[in-house]
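Engineer: Anchor point for the sequence shown: position 54 equals 54 in our numbering, and the numbering is continuous, going up by one each time.
Cβ coordinates follow ideal geometry from the N, Cα and C atoms, glycine included.
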Amino acid sequence: MLRYIGKSIASKQSLLNQSTLVMTKNSSFCTTSSMLESKNTSNYQNILTEKRGRVAIITLNRPKALNALSDGLIGEINIAMKQFQDDKDIGSIIITGSEKAFAAGADIKEMEKKTFADAYNGDMLAQWHDLTTIRKPIIAAVNGYALGGGCELAMMCDIIIAGDKAVFGQPEIKLGTIPGCGGTQRLIRAIGKSKAMELILTGNNLNAVDAERAGLVSRVVPAEELINEALKTADKIASYSQVTVSMCKETVNSAYELNLREGIKFERRIFHSTFATHDQKEGMNAFVEKRSPSWLNK
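1) Looking at the structure shown, is residue 205 part of a helix, part of a strand, or coil, going by DSSP?
2) Measuring only the C-alpha atoms, how far is residue 214 from residue 161?
3) Whether or not the region 240–253 and the region 192–208 are in contact is what I'm after, with contact meaning three or more pairs of Cβ atoms, one per stretch, closer than 8 Å; do they touch?
4) Pair every Cβ in the region 41–58 with every Cβ in the region 87–99, then say whether three or more of these pairs are closer than 8 Å.
5) If you drop the 5 nearest sequence neighbours on each side, which residues of the same chain put their C-beta closer than 6 Å to that of residue 25?
6) Less than 8 Å between the C-beta atoms of residue 149 and residue 103, yes or no?
7) Within its chain, find whatever has a CB closer than 7 Å to the CB of residue 286; leave out the 5 residues flanking it on each side and keep chain order.
8) Helix, strand or coil for residue 167, going by three-state DSSP, please let me know.
9) Please say whether residue 180 and residue 200 have beta carbons closer to each other than 8 Å?
10) On the three-state DSSP scale, how would you describe residue 103?
11) In its own chain, which residues sit with a C-beta less than 8 Å from the C-beta of residue 246, not counting the 5 before and 5 after it?
12) Over what stretch of residues does the beta strand (DSSP E) that includes residue 142 continue unbroken?
13) Apart from the five residues on each side of it in sequence, which residues of its chain come closer than 8 Å, Cβ to Cβ, to residue 172?
14) Strictly by DSSP, which residues pair up with residue 237?
15) Is the region 104–115 touching the region 59–68 in the sense that three or more CB pairs, one from each, lie closer than 8 Å?
16) Which ranges does the beta strand (DSSP E) cover as unbroken runs of at least 3 residues, wholly within the region 74–129, from first to last along the chain?
17) Which residues in the same chain as residue 296 place their Cβ atom closer than 6 Å to its Cβ, once the five residues preceding and following it in sequence are excluded?
18) Go through its chain and collect everything with a Cβ distance to residue 111's Cβ below 7 Å, but skip five positions before and after it.
19) Starting from the C-beta of residue 221, find all residues in its chain whose C-beta is less than 8 Å away, skip the five residues before and the five after it, and write them out in chain order.
20) Do you know offhand how far residue 288's Cα is from residue 280's?
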């Protein structure tokens, strides 16, 4: 939920070592992303969107604020996600940031003056969880800083692929608060209680290699290859039956909330339900006939 930055951002090492937290300021927005060479054709102020074949890409685009997650930015992510959810030509979605920062945290300037009544009555941060209702697979392609809300946003996605310079952390303790968008719940499920507790209580960061070892990220790739690698994975997922992919996602996510016995029972019921789909018949027929399947996504 925080934006974590050192007194001098000229040096990445000093940024990590100084542990200084500052509030984000309003800044002008870029209209292109050098990493993706895309144009913002969707009239968004805080994000860029594009399609590459069957894959949609959402790029966080507040570069001067290190992609601090303002209410406006989160709202635009939700709008774009819902549009891509309804787009039958899209099979998977990538969300990414800049080379310097995936997202360095929430926009603290929007929060600092709020009272408990403001936060509670306004259900502050509730819209962040809209992302978890998207049924299509979402890949977080993380370069640079994914701190506080940025780390939580990445964990809301289904797969995290990290560039080798990525840095993860939940430094909310340094502002006298706690993670508020699932950090305490998702982090422990990803890396275990002891490591999650250490990161949250100390505010320390986790580099990309350690994040992979801990199980937070799927894999680490060279920073300059991040988008290409994410696209390869996203395109492979999008090449399969969308209905089956959604069933897989729903079933895996059920493990968060069900015990083993109930989870296996749920998995079996979803497995049975695939036999009511065209694509299950097509997939098995194609296998027997030694040909490529032709999915109809139904």
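Structural biologist: Let's see:
1) In this structure, residue 205 counts as strand in the three-state DSSP scheme.
2) Going by the C-alpha atoms only, they are around 14 Å apart.
3) Note that the region 192–208 does not touch the region 240–253; fewer than 3 beta-carbon pairs, one per stretch, sit closer than 8 Å.
4) Contact holds: three or more Cβ-Cβ distances are below 8 Å.
5) Only weak support is given to the placement of residue 25: the predicted model assigns it a pLDDT of 36, under 50, and the question is left unresolved by the model.
6) Here residue 149 is near residue 103, since their CB atoms are less than 8 Å apart.
7) Counting only residues of its own chain and dropping the five nearest sequence neighbours on each side, residue 286 has a CB closer than 7 Å to the CB of 292 and 293.
8) If DSSP states are grouped into helix, strand and coil, residue 167 belongs with the strands.
9) Result no, Cβ atoms of residue 200 and residue 180 do not sit closer than 8 Å.
10) In the structure shown, the three-state DSSP call for residue 103 is strand.
11) Residues 135 and 136 of the same chain have their beta carbon placed closer than 8 Å to that of residue 246, with the five preceding and five following residues left out of the count.
12) Segment 138–142, the beta strand (DSSP E) holding residue 142.
13) Answer for residue 172: 1, 2, 148, 178, 179, 180, 183, 200 and 203, listed in chain order.
14) According to DSSP, which records beta bridges pairwise, residue 237 is partnered with nothing at all.
15) A contact is defined here as three or more CB-CB pairs under 8 Å, and the region 59–68 meets this definition with respect to the region 104–115.
16) The region 74–129 contains these whole beta strand (DSSP E) runs: 92–96 and 101–103.
17) Result list for residue 296: 278, in chain order.
18) Same-chain partners within the cutoff: there are none.
19) For residue 221, where only same-chain residues beyond five positions count, the Cβ hits under 8 Å are 161, 162, 163, 164 and 229.
20) Going by the C-alpha atoms only, they are around 12 Å apart.
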